[in-house]
Structure formats: structure tokens, C-alpha cells
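As C-alpha cells, the structure follows; a few thoughts come after it.
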Amino acid sequence: MGRPLMFAHHNNCSRCPVIRAEDVDNDEYYHLLSLRFNIRSARKIALRHEPVLVECDALEAWLRNTRIDREHVGHVPLTAGPGIQVTLPAGAGMPIIDGNHRAARALREKRNFYVYVLDEPETLELLRRSMGNSMADHFWLRLAESKPHPADI
Ligand SMILES: [Zn+2]
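Note that this note's numbering has the sequence shown beginning at 1, numbered continuously upward.
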């Protein structure tokens, strides 16, 4: 018996979990420019923190520049818990790497949205776990030396 080439997703939506996901090794990643964040690792680090409320205007501004699948917004349960926000060096930004669709739904329904905020050392630790030490250190150093907009990494 071969494995099927395509997996069926809940809601027939590619962003929704795979049906019978326990059979599949599907570590989830968030990609931002050259950076790669492993969401499973991020959730482990996030447990060190209490969730904090994201300010509505900041969230709206962030989501305007984030790829959001409008149909999927309706699939995410509001009970799915806080998202995760990381801290890049040199004021390069605080992207939300987990929970963007939950955030979009919360915003749409005028509800509060909370995130766990990883500080700079934790963000570097997460990148090292996600990309390996040398790649993580390389891009981190470039960010640290860059001006506030990281568009050139
Ligand atoms: Zn979906």
C-alpha cells in the first residue's frame, strides 16, 4: 500500500489540519523573508510566558501586510488560544508567527486577541532550533546590523 500523494484536509481547505493528522509528520513552519520558524518549538518556548493582549491598531496594521486566506479565517476556532509573536533585533519588527488567522477572526468579530511574546534571546533560540545554529546566527547578525526595515534579508 503506497501513501496517497495528497492528504485530505478538514473543510477541504489546505490551511486546515489534515484529516487523521496523527499519521502524518507535518511540522508546521512560518516563513518570513529568509527566516524559518518551527511552530512546534515556538509553542514550547511560549509556555514560559503569560499571554498579553495585542493592541487593535497594531494588529490591524500587521494583518494588512500578512497573507491571510479569507475563507480559512472562518475555520479557526476562537477557542484555539493565543498566538505567538517574536522579537527581531535592532527594531526590525515583532511579527506574529502563529495565529494570524485567529487574529483576523478576532479582529473581524471585535474580540480581544492575545499572544505569547518571545523576547530577542528566545527568538534567536527558536531560529536556531528551526534553521540550525549557523543559518540562524547568520541571518540574525544581518538583521542586527540592518536598519529598521528588514526588507533586504
Ligand atoms: Zn481552513
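All C-beta atoms, glycine included, are put in the ideal place defined by N, C-alpha and C.
| said: With H, G and I counted as helix, E and B as strand and the rest as coil, what does DSSP make of Ile45? | reply: Here residue 45 refers to the residue found at position 45 when the sequence shown is read from its first residue. Helix.
| message | For Pro51, which residues in the same chain have their Cβ closer than 6 Å to its Cβ, ignoring the five residues on either side in sequence? | response | On the sequence shown, position 51 is the one that residue 51 refers to. Excluding five sequence positions before and after Pro51, the CB atoms of its chain that fall closer than 6 Å to its own CB belong to Pro82, Tyr114 and Tyr116, given in chain order.
| For the beta strand (DSSP E) that Phe139 lies in, which residues bound it at each end? | In the sequence shown, residue 139 corresponds to position 139, counting from 1. First-last for Phe139: Asn133 to Ala144, but that is the alpha helix (DSSP H), not the beta strand (DSSP E).
| query | Nearest to Leu143 by CA position, among Met131, Leu124, Ala80 and Arg129, is which residue? | reply | The residue you call residue 143 lines up with position 143 of the sequence shown. It is Leu124.
| message | Using only the alpha-carbon positions, how far apart do Ala106 and Thr87 sit? | response | As a first step, residue 106 is located in the sequence shown; it is residue number 106 there, counting from the start. As a first step, residue 87 is located in the sequence shown; it is residue number 87 there, counting from the start. Those two C-alpha atoms are separated by around 22 Å.
| message | Is there a Cβ of chain D sitting closer than 9 Å to that of Asn38, yes or no? | response | Annotation note: the requested chain D is absent from the structure, which comprises a single protein chain.
| task | Taking the CB atoms as reference points, tell me whether His75 and Asn11 lie closer together than 9 Å. | result | Sequence index remark: in the sequence shown, residue 75 carries index 75 (1-based). Sequence index remark: in the sequence shown, residue 11 carries index 11 (1-based). It is a contact, given that the beta carbons lie within the stated cut-off.
| field | Complete beta strand (DSSP E) runs within the segment 24-97 (minimum length 3 residues, chain order) | value | Whole beta strand (DSSP E) segments, 3+ residues: 29-32, 35-38 and 83-85.
| task | With ligand 1 as the reference, list in chain order each residue whose Cβ lies under 5 Å from any of its heavy atoms. | result | So the residues near ligand 1 by this Cβ test are Asn11, Cys13, Arg15, Cys16, His72 and His75.
| query | Apart from the five residues on each side of it in sequence, which residues of its chain come closer than 6 Å, Cβ to Cβ, to Thr66? | reply | In the sequence shown, residue 66 corresponds to position 66, counting from 1. Here the set comprises Asn100.
| Rounded straight-line distance, which links the Cα of Ile97 to that of Glu71 | Within the sequence shown, the letter at position 71 stands for residue 71. Within the sequence shown, the letter at position 97 stands for residue 97. Linking Glu71 to Ile97 through their CA atoms gives a straight-line distance of about 19 Å.
| message | Counting C-beta neighbours from all protein chains within 10 Å, is the total for Ser130 16 or more, i.e. buried, or is it exposed? | response | Along the sequence shown, read from residue 1 onward, the residue named residue 130 stands at position 130. Ser130 comes out buried.
| field | Beta-carbon contacts of Leu63 that lie in its chain and below 8 Å, excluding the five residues immediately before and after | value | By 1-based counting over the sequence shown, the position of residue 63 is 63. A distance below 8 Å between beta-carbons, with the five flanking residues on each side excluded, links Leu63 to the following residues of its chain, in chain order: Asn100, Ala103, Ala104 and Leu107.
| If you count every other CB in all the chains shown that lies within 10 Å of the CB of Asp152, and 16 or more means buried, which is it? | In the sequence shown, the residue the question calls residue 152 occupies position 152. Model confidence at Asp152 stands at a pLDDT of 47, short of 50, so the residue's coordinates are unreliable; what they give is reported in the following sentence. The residue in question, Asp152, is exposed, as its Cβ has fewer than 16 Cβ neighbours within 10 Å.
| request: Just tell me which of Pro17, Glu145 and Ser146 has its CA closest to the CA of Pro77. | output: Here residue 77 refers to the residue found at position 77 when the sequence shown is read from its first residue. Of the listed residues, the one whose Cα sits closest to Pro77 is Pro17.
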